[in-house]
Every structure is written in C-alpha cells, then in structure tokens.
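Step one of this worksheet: look at the structure below.
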Amino acid sequence: MKRDCTLMFSVKNMSKDDITFAVRLTDTMDWNLAEGDFDFMMELEPKGCFVLLYNSERVGIVTTISFGNIGWLGNLIVSEQHRKKGAGSSLASHAVKYLKNNNVETVGLYAYTEKVPFYERLSFTYDSYFIVLSGNGFSSPTGSHIRKGGKADIQKIIDYDCSSLGFSRRKLLEPILLDSDNRCYIYENREMAGYAIAKVYHGMAEAGPLVCHQGCNEIAINLLKAVLNSLNGLEVSMCIPEKQMALLGILKRHGFSEKFHVARMFHGPPFNDKCICMAESLERG
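Once you know that position 256 of the sequence shown is 249 in this note's numbering, the rest is easy, because the numbers rise by one and skip nothing.
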C-alpha cells in the first residue's frame, strides 16, 4: 500500500472485495454502475483501479484504462464527508502517476462542468464539450452500405478504429464485440468507412463508440440510426460531442433529451481526433 499524503489518506489497488463499496458509493451520484461494470474495469486494467482509504476506512475510488500512449481516468468519487480535504486530488494524482509510469503520455477524462476548475488545478486542460443524452431506441430508414457487424469483422473494426484515432483500443473493443447481447453496425462501400456499437444490459443500452471519417455526417447519422433501430423501445444513453449538430438534431427530433454536459480534458499533449467520434463511455473515453 502506498502512502499518498499527510492527511491519513492512502491508496490501494481495487480488489473484488471492494466492488460492493464501489457500487454503493457511485449510487450516491446515480451513475447506474453495477458490480459487473467494476469487474470489467478490473479485467481491462488489473493494476489501474484504486480505492482511497482514510486510516483503514474506504472513502473513494477511481478507475483507469491505458491504450498505449493514451490513458483515461474515470469514476473518480470520494464519500461526501471526506471531500474538501485533498482526498480527490490525492486519488486523481495517484491515478495519473500510475498511467504515466506505464508510458502514457496523454491522460483524458470527462469532467462535470462544475469540476473543471478542480481538474485544472491538477494540470488538466479543457478540450471540448460533450453532451450526455437519453431517450428510447426508434425505428427509421437507413441508407445503403450499412450492415450488421459480426465476429468476422472484429479485426477490421479494431484496425479501422486504430487508424482513425492513432492508438489501439483492442483490449476494450474486442470483449464488447464478442458479447452477443451488444449491437454493431458497419458502413462499408468497397472499404470500411465507419462503425457504431451499443452495449446492452439490464434492459437498457449505452450507444457508443461511433467512429467515422471527419465530414461524413450522413454516414454517422445512418450508423446511429441503424444502432437505434436495433434498440427500438429500449432506454438508450450516449455521449456525443457538442459540435456534432447533425447527430444531435436527429436525436432531439426523436425525443432524446440532454441530461448534462461534460468537458473533455487532457493531461499532457492534446489528443487530436480527426474523425467523428462518439464516446464509448464516460469512464473509458
């Protein structure tokens, strides 16, 4: 266990014994995370999920994931009675240090707008705003060249994602694509030019990621429609860049509403995504 500060706070690696606490703590913020979510995060980054202790009491958590030189920080939360004491800063700094020690150059996160100053004090810089929306899947016509993705497409999707973003998300995308409950659609006209995924669980769905070439708004719209067609009637949430007005317009016309805004922030060189990119999740980028 590593001693992080002088205020009796210390940080340890998260174990399965900590998951019930993690769910209970995130429930105080209505994040709708289940035990399986933390199991998944620990499978993806076994040494990168942490619990903050005050003496021996568990008082906070944070998760991370690394993709080569890019890392992501998520699920940072401290119990209310231990806030404003340096606990959050201690935990976030520990997570960033873990990622930097594992050759990550740029750490990203999504911050609630009111938390932007907190992360700025930790040397994160603002990049852009994203909007979290919720609504129900709906049926609508899609354009040509859209097809359902299958196991045979996994390598193609991973390669396309890597070429679009500049780093490999194989360890995240592969298990999502192998889960038969999830949905995946591809735009392919001689060659692949975009894909979209939705994760389905407990009768709800989270759409994302969606990746396609910059400027290909019609492809992005049709991919999103294809995913939402497959989720017709299910409650769906997603996180979309504020600048993607075409996608936002379609969603709002079909009854989706804004839940809240988040700011994408980076510690280190900014990540320059030259594509239309809908987030996979708030905790994993």
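Positions of the beta carbon are idealized from the N, C-alpha and C atoms, including for glycine.
Quick caveat: nothing in here was measured; it's all calculated off a predicted structure.
Check	Outcome
Selected residue, minimal CA-CA separation from Ala261, among Ile58, Leu115 and Val125	Just to set this straight, residue 261 is Gly in the shown sequence, not Ala. Of the listed residues, the one whose Cα sits closest to Gly261 is Leu115.
For Ala85 and Leu170, the rounded distance between their alpha carbons	30 Å
Strand pairing of Arg176, partner residues [DSSP]	Ala191
Opening and closing residue of the beta strand (DSSP E) in which Ser3 lies	Phe2 to Asn6
C-beta neighbour in chain D for Val193, strict 7 Å	Within the model displayed, chain D is absent; a lone protein chain is all it includes.
CB-CB length for Tyr47 against His75, believed under 8 Å	6 Å
Cβ-Cβ separation, Pro202 to Ala145 (assumed contact under 8 Å), whole Å	19 Å between Cβ atoms; not a contact.
Secondary structure of Phe31, DSSP reduced to three states	helix
Buried or exposed (CB count within 10 angstroms, at least 16 for buried), Arg(-4)	The predicted model places Arg(-4) with a pLDDT of 47, which falls under 50 and marks its position as unreliable; any figure quoted below should be read in that light. Arg(-4) is exposed by the Cβ-count criterion.
Cβ neighbour criterion (16 or more within 10 Å) applied to Met35	buried
According to DSSP, residues forming a beta bridge with Arg140	Ile179
8 Å contact criterion, which Leu224 and Gly130 should meet: CB distance rounded	3 Å
Through-space distance from Thr106 to Thr13, alpha-carbon basis	28 Å
Segment contact flag, the region 125 to 139 with the region 249 to 266, C-beta cutoff 8 Å, min 3 pairs	yes
Integer Cβ distance of Ala186 from Tyr180, believed to fall under 8 Å	5 Å
Exposed unless 16 or more other CB atoms sit within 10 angstroms - verdict on Asp11	buried
For Ser19, three-class secondary structure by DSSP	In the sequence as presented, Ser is not what sits at residue 19; that position holds Thr. Note: Thr19 maps to helix in three-state DSSP.
Closer than 6 Å: Asn215 CB and nearest the ligand ATP heavy atom	As for the ligand ATP, it is missing from this structure, which has no ligand bound.
Opposing strand residues paired with Ser127 [DSSP bridges]	Ser230 and Ser250
N- and C-terminal bounds of the beta strand (DSSP E) containing Val89	Segment Ala80 to Asn94 is the alpha helix (DSSP H) holding Val89; no beta strand (DSSP E) there.
Contact set for Leu26: own chain, Cβ-Cβ below 7 Å, skip 5 residues either direction	Val16 and Thr19
Length of the line joining the Cα atoms of Val71 and Lys108	13 Å
First and last residue of the uninterrupted beta strand (DSSP E) at Pro283	In the structure as shown, the chain begins at -6 and stops at 278. Residue 283 is therefore absent and cannot be evaluated.
Euclidean distance between Cα positions of Leu221 and Asn175	12 Å
DSSP-derived helix/strand/coil call for Glu184	strand
Candidates Leu45, Val89 and Ser59, of which the one nearest Lys78 by Cα	Leu45
Inter-residue CB distance, Cys270 and Val204 (contact presumed, cutoff 8 Å)	5 Å
Among His247, Gly196 and His138, the one whose alpha carbon lies nearest that of Leu227	Gly196
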